[in-house]
Each structure stands twice: as C-alpha cells, then as structure tokens.
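Chains as they are written, first to last, in my numbering: chain H, 1 to 310; chain U, 311 to 655. Glycine residues also receive a C-beta, built at the ideal position from the N, C-alpha and C atoms. Everything on this sheet refers to the single structure shown next.
Here you go:
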C-alpha cells in the first residue's frame, strides 16, 4: 500500500541546557552560544512516520525552514531512514512568526505528495504549538493534535488515540490529515549505522558551496585569482556529482515554492515583539534556615505563629 | 483579519464540555473585565454548543456584558473545523478587538486554526495581559492601547511582550490558574445575542469513536498547603518523603515537570507553566531547582520554603525560607518537628 508522509522539522537552540558556560555576567543567556539541536518533539513525529513506513511501506519526506546550518538535522533524518530531505532557506524568511512560518511551510508541502503530514506538538524555543494547526488550516485538511498512538490505517481512513489532558479519545478521519505528536508518544530510534555511512556526505547546495570555497581559500588564500564564475562552475559540478550519487539535499527558496512575499518574514507576521526582558535572577528578602533539627523546628514554630500551618 | 477596530469588544471563548463551563474561561472573564474597562468597551463571551443556553447566566455573573450564543446539534462535541468555522463567522461579523482562549487542549487546538483562517495574530500561553502603547521602530508610528501579550519564551529564559498592532483581533491563550478566579455577582444582568450557523457533516471531518475521561487524581488549585518534589528527590521510591510530609500536614503532594518526566509521580501533580498554576498559603519545594517554567506555576504562593543542596538553585530567589541542605535529612526533620508539635491535619 504505502503512504506518503511529510514531516516538518526544526533546528532549535538547546534551551533546556542552560549551564554557566552560556550565561553572561549579568545573568542573561547568551543565545548564540547554545548548541543547535533537532527539536525533541519533531524526533517523535519523525519516529511515528518511520513506524508507519515500517508497517505499511511508503515514502517519507522531511522539510525544514531554517538557516543553512539546518542541513545537520536533514542529514540526521536521512540517517534515521527518511527518503527525501528538503531545506527551505531564504533570508526573507527572517522574522517570521507562526502565521508566516505556517504559510511558507504550506507552500512547500503543496509541492509534495502527502497522505499524512506530521509535526511535533511544539518547538522548545517558541513553545507555541501553533504551527501544526495553522499549517493544517492552510492546507485545508483536518488536524488531530496530541496523537498518542496510531490505532488503524488504511487507504481511506486513519484512526488514532489522542490525549485530551485528563483522558483520551479514539478519533477517525479520512486522509489526508495532519497529526501533531508529543514526547510521550514514542521513543525515537537511533540513527542506523549503514545509513550514516551512506548519507554522511549528503549536503545542500549551500553546504556544497561552502565546501568549494573552503577548498579554494585553502589552495591559494584570499584573492587567489579564482573568479566567482569559476567558483559557481565548481559548485554546480559538485552538486551534479552529489545528485548522481543521491546525496544532494534539495534546497528551495521562497521563489521556488511560489510564496507571496507579503505573507513571509516580518511583513507576513501579525505578531511582533514589543520588548524582551532577560530573566535576571536577583536576590530576594528571605531567611536562611540551618538544615538542623533546631533550625527546622524554629521555622515550623514561626509558620504556626503566622497561622500558615494550623 | 479585521484591522484595527477601536470600538471592538473584548471576547472570551467560553469553552464548555458536556454543558459544563471550564474554569479557564471564567478566570479569563475576571482578567478581561479589567481589560475591557481600560479600553472602555464591552466584554462578551462566545458560547458554542448544543442546548447550552443555561450557561449564559453564569458567564454574565462572572462579568460578561453580553454572550454570543450559537447552538446547533452539530456543535454538541468539539472539533477544530466546525468550531473554527463558527468563531470565524462571529469574528468577521462583530469585529472584536481582542479574543482570549484558555490554553487548554481544546484552546490550543482551536485558537491557531482560527488565527490561520482569519490571518490574525495569536500568542500562546500568556502569563499576563495588559494594555499599553507601542511605537514601531521603523516608521515611528504610535499604536495606542494594544494588548500586551506577556509570556516566557526560549525555554523560560526570557519574558517576551508580544503585540499585534494591525492584524486584529488580537488573540491570546492563557493557561488554567494563571488568572485568579473572579467572584460572581448574581445580580448582574447582560444581553444574550443568539446567532445562527449553517453547519453540515462536511464541517466535521473527525469522528470521535470513543472518549474516556479520568477525573484528576488531585486538586492542586484548591490545596492550602502543597509539598512539591523535584528531580532532586532522586527516585519514585524516595518520593515517599514527599507523600509522608504531605500527609502529616494535610497537604497535597505535587511535583516539578522534571520529576513527572522521570516517572516519580503522575502528571496530574505537576506544577508549572505546562502543569497547574497554584497559589496555596504554603508551598514547600523539595529538591526543585526552580526553572522559570516551574516558578511561573507557584510564585503566587503566600509563603515558600525551598530545600535544595545547591546554593545557586534559582528556587532560592523566590523562597521566603531557604534551607541549603540534603533533603533526605531535612524532610525527616520537618516531619519530626511537625509531629512533635502535635499538628493535626
């Protein structure tokens, strides 16, 4: 049978691992110093797609909207077993809020064949959980959020168990559908050694260009006399070679996905940031209690006096 | 989107299930009352369902001046497409300037679908809402009386104030317990505006085959004293210390997200931005580091005791009583002291 799954993924700063090394002296976080990782819940939605492919066959495409560095998570997805990986990268995406992001992603998804679109519930930087439902609305397909388990899948319909907070629902709908998946749904698999060997040199055109430029500057230093035209030729050559070996990761920009620029980036984003306040941890008036029998006893006594404890 | 409409009302989506209103919309009415008064406009609730007219009184008692009521058999059970269709119609017709939703499972499923359909801005999980002015850097244009949508972001390491100057309505979701429950005034009167809707089975692509609800294992919002354990407790077995301390004080046991994720206790006990927001008289944080998302759920507690062996734990910044020590020694000391003083629960 086989189903076409499209998984949307995001590279995010590791906001859960704020250590002293990434803190400024004033107690604020140095965002640029945070490691970039695969958004955790996107690994879970990818895992669900892989399980569907394992069980029913089909094709998985991953798509990410990001900086060129996002090539890393696309490669990671290839290591885990997807068939196709696409990077949407364009300076004009900058400043996109969830509405603009879901619009851009919808333009890209429309260029693929899809039965099931999968998203992680939310990303650990924005924490909004909005892109999934907004993307579903733009594609004009139903959405099922907080999917815990796939119950049944056939040519016409999909049935899933959904977490509704204080319980669950069994929900069925016709394909195509968009699902959002949480960290509780599954354990994502490790990269497969064989796929790592196969895809370790897979890259996007922009990564290929960086490799070529790196080689050029190594050869003759800056101003070595290699013209831009020559560099472009070398980059094209490298990309053709990669494509022949099935190692060229597709790269699209806003023009190639037919996006209306007024709905992208800052101009396409209804929400704007008025102000950001770094959370600076300051001292507060409080009492230090010794971790001794007496210290604790005195504290309990005080709480009783204040009628906090009866 | 509807564009800037200064006469627009402030709306709260009145989420109900099985003809019972959720707590969050009521909490939101309390906050929204103040926003509407500041803006000098009316406050309304949008109530969708089948045979739910009796809920309009409650909404008015809790502060709504109006209730837009849409009843239809196909609205008996929630799903995103049908509810988004009705709300989109109401918003298009009446052009509110602000629409607020609880950041419940339903709210987080519905609000973005509406935002996308009407191409308006939406901010999730706000911890505060205020009215203020904003000047755009680029063109120095002054936007007065915008809704400041305030929320932690970046894993809780920053507090962002988000605004939506032009693509109205300004929409936001707020988690349960973040806003205090207002007092009802049963003498309040208001208007009920009945709206019709055209819905067909096409608008309901999801079939809900089965539903199973479990009542929550613990009512943290009602607890006067809460003992919360964090990852520092170490194991599910060691969490017994939390249960024991809770029992001798007649308190509710709770936990940070880290402890829940580690399996020490059920998610129903989770306090924090993605758990429950609580405001007990006494909150004892045991082995909790105190990440911002946890603090968001408990800093309104009257008195806070923090026990942690890391003197730099952020929890100490919000604690009234700081105990830097080993919780495995300190908690038994507390239990002993409480029993000795004959505290009855």
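Rounded to a whole number of angstroms, what is the C-alpha to C-alpha distance between residue i and residue j?
| i | j | result |
| --- | --- | --- |
| residue 600 (chain U) | residue 578 (chain U) | 19 Å |
| residue 248 (chain H) | residue 63 (chain H) | 14 Å |
| residue 335 (chain U) | residue 322 (chain U) | 6 Å |
| residue 183 (chain H) | residue 376 (chain U) | 40 Å |
| residue 324 (chain U) | residue 571 (chain U) | 31 Å |
| residue 525 (chain U) | residue 531 (chain U) | 14 Å |
| residue 412 (chain U) | residue 378 (chain U) | 17 Å |
| residue 306 (chain H) | residue 604 (chain U) | 26 Å |
| residue 423 (chain U) | residue 493 (chain U) | 32 Å |
| residue 557 (chain U) | residue 538 (chain U) | 13 Å |
| residue 105 (chain H) | residue 65 (chain H) | 7 Å |
| residue 588 (chain U) | residue 490 (chain U) | 10 Å |
| residue 7 (chain H) | residue 46 (chain H) | 6 Å |
| residue 245 (chain H) | residue 625 (chain U) | 54 Å |
| residue 394 (chain U) | residue 611 (chain U) | 37 Å |
| residue 190 (chain H) | residue 343 (chain U) | 51 Å |
| residue 84 (chain H) | residue 407 (chain U) | 43 Å |
| residue 165 (chain H) | residue 133 (chain H) | 18 Å |
By DSSP, does residue i sit in helix, in strand, or in coil?
| i | result |
| --- | --- |
| residue 317 (chain U) | coil |
| residue 84 (chain H) | strand |
| residue 402 (chain U) | helix |
| residue 473 (chain U) | strand |
| residue 534 (chain U) | coil |
| residue 68 (chain H) | helix |
| residue 489 (chain U) | coil |
| residue 278 (chain H) | strand |
| residue 55 (chain H) | helix |
| residue 129 (chain H) | coil |
| residue 574 (chain U) | coil |
| residue 561 (chain U) | coil |
| residue 549 (chain U) | coil |
| residue 13 (chain H) | strand |
| residue 497 (chain U) | coil |
| residue 325 (chain U) | coil |
| residue 371 (chain H) | Here chain H covers residues 1 to 310 and nothing more, so residue 371 (chain H) does not appear. |
Indicate whether residue i and residue j have their beta-carbon atoms separated by less than 9 Å.
| i | j | result |
| --- | --- | --- |
| residue 167 (chain H) | residue 517 (chain U) | no |
| residue 297 (chain H) | residue 425 (chain U) | no |
| residue 484 (chain U) | residue 554 (chain U) | no |
| residue 42 (chain H) | residue 253 (chain H) | no |
| residue 186 (chain H) | residue 294 (chain H) | no |
| residue 135 (chain H) | residue 160 (chain H) | no |
| residue 251 (chain H) | residue 60 (chain H) | no |
| residue 173 (chain H) | residue 157 (chain H) | yes |
| residue 124 (chain H) | residue 198 (chain H) | no |
| residue 608 (chain U) | residue 631 (chain U) | no |
| residue 568 (chain U) | residue 540 (chain U) | yes |
| residue 345 (chain U) | residue 355 (chain U) | no |
| residue 550 (chain U) | residue 573 (chain U) | no |
| residue 58 (chain H) | residue 3 (chain H) | yes |
| residue 365 (chain U) | residue 373 (chain U) | no |
| residue 129 (chain H) | residue 418 (chain U) | yes |
| residue 581 (chain U) | residue 536 (chain U) | yes |
| residue 606 (chain U) | residue 488 (chain U) | yes |
Can residue i be considered in contact with the ligand GDP, in the sense that its beta carbon sits closer than 8 Å to one or more heavy atoms?
| i | result |
| --- | --- |
| residue 633 (chain U) | Looking at this structure, you won't find the ligand GDP or any other ligand, since it has none at all. |
Using 8 Å as the Cβ pair cut-off and three pairs as the minimum, do the stretch 29 to 48 of chain H and the stretch 7 to 18 of chain H touch? yes
At which residue ranges does the stretch 583 to 638 of chain U contain complete alpha helix (DSSP H) runs of 4 or more residues, listed in the order of the chain? 602 to 605
Validate contact between the stretch 435 to 442 of chain U and the stretch 337 to 352 of chain U using beta carbons, cut 8 Å, 3 pairs: yes
With three or more beta-carbon pairs closer than 8 Å as the criterion, would you say the stretch 104 to 124 of chain H touches the stretch 42 to 54 of chain H? yes
Would you call the stretch 143 to 157 of chain H and the stretch 494 to 509 of chain U in contact, with 3 or more CB pairs under 8 Å? no
Which residue spans inside the stretch 362 to 415 of chain U form an unbroken alpha helix (DSSP H) run of at least 4? 365 to 371, 390 to 404
Taking the runs of the beta strand (DSSP E) that are 3 residues or longer, which of them lie wholly in the stretch 429 to 467 of chain U? 432 to 436, 438 to 445, 452 to 463
Taking three-plus beta-carbon pairs below 8 Å as touching, is the stretch 418 to 437 of chain U in contact with the stretch 480 to 488 of chain U? yes
Taking the runs of the alpha helix (DSSP H) that are 4 residues or longer, which of them lie wholly in the stretch 144 to 207 of chain H? 193 to 199
At a cut of 8 Å, does the stretch 285 to 292 of chain H reach the stretch 373 to 389 of chain U through at least three beta carbon pairs? no
Okay, do the stretch 452 to 459 of chain U and the stretch 467 to 475 of chain U touch, 3+ Cβ pairs below 8 Å being the bar? yes
Whole beta strand (DSSP E) runs in the stretch 207 to 261 of chain H with 3 or more residues, listed along the chain? 250 to 252
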